[in-house]
Amino acid sequence: QVQLVESGGGLVQAGDSLRLSCVVSGRPFTSYAMGWFRQAPGKESEFVATVTRSGGRTIYADSVKGRFTISRDNAKNTVFLQMNSLKPEDTAVYYCAAQVVGKGYDYWGQGTQVTVSS
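Everything in the sequence shown is counted per our numbering, starting at 19 for the first residue and increasing by one.
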């Protein structure tokens, strides 16, 4: 069974930074591409960023490009989301997810709340 546990959320002011972490256990971490998604109250879930298994390639949503950085430490089974220059519209529950190559995101964490005040 694969488990994903996020941490690092909190309440910050606009312009501040946060770093989210997601630890994966249960299967070899390098089996998965990793992604971050978010869901704001009353809104659909939104893709934020993804990183390949090796960490060599990343993709970002336009709304976070230049402000957020996804990375992974394969030795620690952990994926990170560094969030800089946070805006109130970044307020959401953030989820990490694991994707087996050629399939969808089959495994999800429980989410961590990020709240950005203006």
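Heads up, the beta-carbon is just placed ideally off N, CA and C, and yes, glycines get one too.
Computed from a predicted model, the values in this text were never measured in an experiment.
- In this structure, Val69 sits near Ile88, with a CB-CB distance shorter than 8 Å.
- Around the beta-carbon of Asp108, 16 or more other beta-carbon atoms lie within 10 Å, marking it buried.
- Taking all protein chains shown into account, Gly127 has 16 or more neighbouring C-beta atoms within 10 Å of its C-beta and is therefore buried.
- Distance from Glu64 to Arg56 at the Cβ level is roughly 5 Å; contact confirmed, criterion being Cβ atoms closer than 8 Å.
- Each residue's CA atom was taken as its position, placing Gln131 and Val111 some 4 Å apart.
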